[in-house]
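Chains S and L, in that order, give the protein sequences.
In terms of my numbering, the first sequence opens at residue 79 and continues consecutively.
In terms of my numbering, the second sequence opens at residue 79 and continues consecutively.
Virtual Cβ for every residue (Gly too), placed ideally from N, Cα, C.
Every value quoted in this text rests on a predicted model; they were computed, and no experiment measured them.
Protein chains: 2
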Amino acid sequence: MFEREKIFNRIIQRVNINLRDLNFDVSPFVTGHADLRQMSRFYAFYGVTTDIPLNLQFIHSSLAGSYFLGKCQVKNAMLYKTDIRGDELKRKGSTFQFKNFSIDLRQDEFIDIVSSALVKTLVHNFSHDPESPERFFIKNTLSLDYANIHGAPADGCFLSPFATVDLTTMRNCAIGAYSYIQAGRISHLNVQPGTIWVNSPGTFNFLYQFPQDRLQHYIKQEAGGKPEGALIDFIEKRAQAFDKVFDTAITSPPIPVPETASLDRYAVVLSETTIDENVLVAQRAYLENCTMGIGANAQENCYIINSNLQGNNVMAHGAKVVETEMEKNIFVGFNSFLVGKPGCRITIGTGCIVMPHTIIDCSEPLEIPPDTLLWGLITNKQELEENSIPLEELRVVHHSIQRGNMHFEGEGGAFVEGFKHRINHILESNGAFYHQHNNNIKGHAQNNRKLSLNNIQPYLFGEMEGVYPDITIQPQG
Amino acid sequence: MFEREKIFNRIIQRVNINLRDLNFDVSPFVTGHADLRQMSRFYAFYGVTTDIPLNLQFIHSSLAGSYFLGKCQVKNAMLYKTDIRGDELKRKGSTFQFKNFSIDLRQDEFIDIVSSALVKTLVHNFSHDPESPERFFIKNTLSLDYANIHGAPADGCFLSPFATVDLTTMRNCAIGAYSYIQAGRISHLNVQPGTIWVNSPGTFNFLYQFPQDRLQHYIKQEAGGKPEGALIDFIEKRAQAFDKVFDTAITSPPIPVPETASLDRYAVVLSETTIDENVLVAQRAYLENCTMGIGANAQENCYIINSNLQGNNVMAHGAKVVETEMEKNIFVGFNSFLVGKPGCRITIGTGCIVMPHTIIDCSEPLEIPPDTLLWGLITNKQELEENSIPLEELRVVHHSIQRGNMHFEGEGGAFVEGFKHRINHILESNGAFYHQHNNNIKGHAQNNRKLSLNNIQPYLFGEMEGVYPDITIQPQG
């Protein structure tokens, strides 16, 4: 048996032990799914800058197409086409504020990945867990295609395709396909596919459930099968364009990039695309015939096609936007899938918030008024009505409100303000405001320019084929 | 000032301090020569196998296009397009035999490079220094284009372009362009360009001196200038073909390669080239319209063009062979430049030994009889006569012999046998005999197949531009 298979089987067993109380067996979802032979096809890479302390360690591990920017440890682990950023790890000597607690950090925060398999997965490290401020753990966790562990330490979990867990520490949970969970802390939950849940206990609770039958058109993962649906087709159709950028060792930008913007060397840029000041285009983003206005960003795994972004637009990880006009200051949440068509374009007004995991798939032109919150599945004007609310209307909710499959309770104002505050933080940390209004704070757009990227290749033959060398890469003392 | 310039200037100073007794100033030879801006254009790489212990450490260093295969340390150093192999480093627990001394090794041998600049340089690590069996040092040493430090620990030395020091520990020496020195130990020598010297004190001494005026046509390095001449032109004309292989991250072999042979992914292969069993083609080798017979090898920086190698031919580092027919068991030494022309081809008989740094540049067809030793500069039949000797004739020399610019004294038999023995060792360690005559010992040809190669990129902007990160890469405990 190949070493890579031993590693994978051990991970499956560890996850099943953790999920025994839920009576959940991950085997049928992963058997025949993760093609381990792929492991030897790719190289892994990690970013090096003079700003961020690096400390990579791999033990009996396997990883491919990864992306490390900060301290990291990996043990008995597999990663595959994984983005793991460490650029927002907390530093030694800093103070982490959590509600009333001022927590002093006595060492640099590090990412720790043990007995985990993360397939085509993104891990973002701005963790908010006050119980483990110095260690971002992802122990005994298995996550499938395009799942997103965003500032969310995980232990003993299973994430289905396109699942996102955001700013939430999770233990022993199974998260269904295309579910979005932002709930601070969860444990022993088996979350159904298409659950959109934002919970701030005591303040507000937002819950939307996708209709299961209609969600399956977009993403379906059945026991014994591979993930399928329109989302998978959309990505696979464009996979070849990425082969080209990954097969090249040294690249120069295909289009002009202003001094204050950055275009990752592993992003795809096709036909008439323009990039303005303070724009951030992250790795594995795909831009085709679009304009990126000042301060717009396209984060990891975003697709922006035949669309115009006027500026300060946040396209969160995995957002897909086709045939869409975007005015300014619009937020499009993780894995949203906005597919207009020629003649049926989507127009989104200034200040709109598209909730994570929103699908707009219209066969008529749709115009979304400014300052609107959108969620769920929208395929026509009637569903737009049902799955949206003006921010001003939500702001004055104090008890609860129900629209279609969405139920909200608590303080609408706190929900809106929290969102606005976070969007502002994202824009600022991405460098969208640099050199505007006397702002001299650099963000990712300015700092990621010309990042140095080192590659690691797995063993190419023998029983270690597809497994990476056991090495430590760390700064010189 | 850029950090890379500070590093370089410090190295120049250190070398000058070491060479003060020779009254030698390296500055005019390197000023305006090494284009430090190039440092940010390239990545470095190191090989990883399950066979060879790895331990890379870089401190305030800079390196590009390198090639590490075993333990290594680098401090305050610059390397550039450097090949440093560590595949023959001696192992802990083994015994190193030097004449009557059996030296037990109490730790793995490692390569140590301190305050050094090696530009387009090859360092091969099979060291024979009994005084330092566990540490291969290259301290305060500056070596220029295509110089070759072959199993030759160096301290405080300056090597001009195409200089080779072979199996010789050197201290505080300046080695002239295209000189070849194999002398066990040397110190405080200023070696003139084109000196071919093989000395085994008490046994034999071979000395040839290239005519200075004619050597300058091939390689010239004047104070204040860049190296120039036919050798430089030859390489620069073909440089672009290498850009293509280095610009590609993932490659598949351009021609079929037998299971027992290896073609390095950083070699160039053009038009009608064939590779037979047990052939080794090392990195930065260039093959164009040639046949590589069973067990033939093309080592680092070799060029083989419009030529046929019948088998078990050794093309040592930097050998260049054009329009040449080679029978079996021929040795072509380092940096030899054999340029036949269409209609004026060179034919070399079985068992010939072409001394390192031999130039054959003929305008008439040349046929070299089997078992002949050749050296020096040969441009016609008369010079062939003057610069060659049948091995049988040399074998019976017991005192001395003079031919043209060549002087030999001592035991001709010991010289020939020593050479034959070494050629046999090279063929065996390169895997030329694998699966022949019940030989099951694998060599480089079999072991280097599908070597995993990891890349390191320098910082791309700021004052650290072109300098590599201070990192340690070592196996996991």
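Inter-residue CB distance, residue i and residue j (contact presumed, cutoff 8 Å)
i: S:Leu-100; j: S:Ala-252; result: 6 Å
i: L:Ile-549; j: S:Pro-553; result: 6 Å
i: S:Thr-326; j: L:Asp-325; result: 6 Å
i: S:Ala-397; j: S:Glu-378; result: Between S:Glu-378 and S:Ala-397 the Cβ distance is about 10 Å, and since that is not below 8 Å, they are no contact.
i: L:Tyr-296; j: L:Ile-437; result: 6 Å
i: L:Asp-354; j: L:Ile-383; result: In fact, because the Cβ distance is near 18 Å, the residues do not count as touching under 8 Å.
Range covered by the alpha helix (DSSP H) that runs through residue i
i: S:Lys-153; result: It is not in any alpha helix (DSSP H) - S:Lys-153 instead sits in the beta strand (DSSP E) that spans 150–153.
i: L:Glu-461; result: 459–464
i: L:Asn-277; result: Premise fails: L:Asn-277 lies in the beta strand (DSSP E), 273–278, not in any alpha helix (DSSP H).
i: L:Pro-553; result: Segment 549–553 is the beta strand (DSSP E) holding L:Pro-553; no alpha helix (DSSP H) there.
CB contact flag (residue i, residue j, <8 Å)
i: S:Gln-135; j: S:Val-152; result: yes
i: L:Leu-416; j: L:Val-400; result: yes
i: L:Gly-233; j: L:Phe-215; result: Inspection of the sequence shows that residue 233 of chain L is occupied by Asp rather than by Gly. Yes, Cβ-Cβ distance for L:Asp-233 and L:Phe-215 is below 8 Å.
i: S:Arg-473; j: S:Gly-488; result: no
i: S:Phe-288; j: S:Phe-486; result: no
i: S:Asn-375; j: S:Thr-351; result: no
i: L:Val-44; j: L:Pro-334; result: Since the first residue shown for chain L is 79 and the last is 555, residue 44 of chain L is missing from the structure and cannot be characterised.
i: L:Leu-237; j: L:Ser-221; result: yes
i: L:Asn-226; j: L:Leu-200; result: yes
i: S:Ile-501; j: S:Val-392; result: yes
i: S:Leu-462; j: S:Arg-292; result: no
i: S:Ser-194; j: S:Gly-544; result: no
i: S:Glu-442; j: S:Cys-422; result: yes
i: L:Gln-524; j: L:Thr-329; result: no
i: S:Asn-407; j: S:Thr-428; result: yes
i: S:Asn-533; j: L:Asn-532; result: yes
i: S:Leu-167; j: S:Asn-133; result: no
i: L:Cys-440; j: L:Asn-413; result: no
Where the beta strand (DSSP E) through residue i begins and ends
i: S:Leu-285; result: 282–287
i: L:Phe-312; result: L:Phe-312 -> not in any beta strand (DSSP E); alpha helix (DSSP H) instead, spanning 308–315.
i: S:Phe-486; result: 484–488
i: L:Val-108; result: Run containing L:Val-108: none in the beta strand (DSSP E); it sits in the alpha helix (DSSP H), 105–108.
i: S:Met-156; result: 156–158
i: L:His-435; result: Taken as a continuous stretch (DSSP letters only), L:His-435 belongs to no beta strand (DSSP E), as it is neither H nor E.
i: L:Thr-450; result: 450–452
i: S:Arg-249; result: 247–249
i: S:Ile-424; result: 424–426
Residue environment, residue i, which counts as buried when at least 16 other CB atoms sit within 10 Å
i: S:Asn-250; result: buried
i: S:Lys-159; result: buried
i: S:Lys-322; result: exposed
i: L:Thr-402; result: buried
i: L:Gln-535; result: buried
i: S:His-477; result: exposed
i: S:His-435; result: buried
i: L:Gly-280; result: exposed
i: L:Pro-106; result: exposed
i: S:Ser-530; result: buried
i: S:Ala-301; result: exposed
i: S:Pro-420; result: exposed
Reduced DSSP secondary structure (H/G/I, E/B, other) of residue i
i: L:Gly-496; result: helix
i: L:Ile-519; result: coil
i: S:Leu-320; result: Before going on, a small fix: residue 320 of chain S reads as Phe here, not Leu. In this structure, S:Phe-320 counts as helix in the three-state DSSP scheme.
i: L:Tyr-121; result: coil
i: L:Gln-290; result: helix
i: S:Lys-177; result: coil
i: L:Leu-538; result: coil
i: L:Glu-83; result: helix
i: L:Asn-525; result: helix
i: L:Glu-470; result: helix
i: S:Gly-303; result: coil
i: S:Ile-328; result: coil
i: L:His-206; result: coil
i: S:Asp-384; result: The identity of residue 384 of chain S in the sequence shown is Asn, whereas the question assumes Asp. Here S:Asn-384 sits in strand by DSSP.
i: S:Asp-182; result: strand
Cβ-heavy atom distance, residue i to the ligand GTP, below 7 Å
i: L:Arg-115; result: Summarising the ligand content, the structure contains no ligands, and the ligand GTP is consequently not present.
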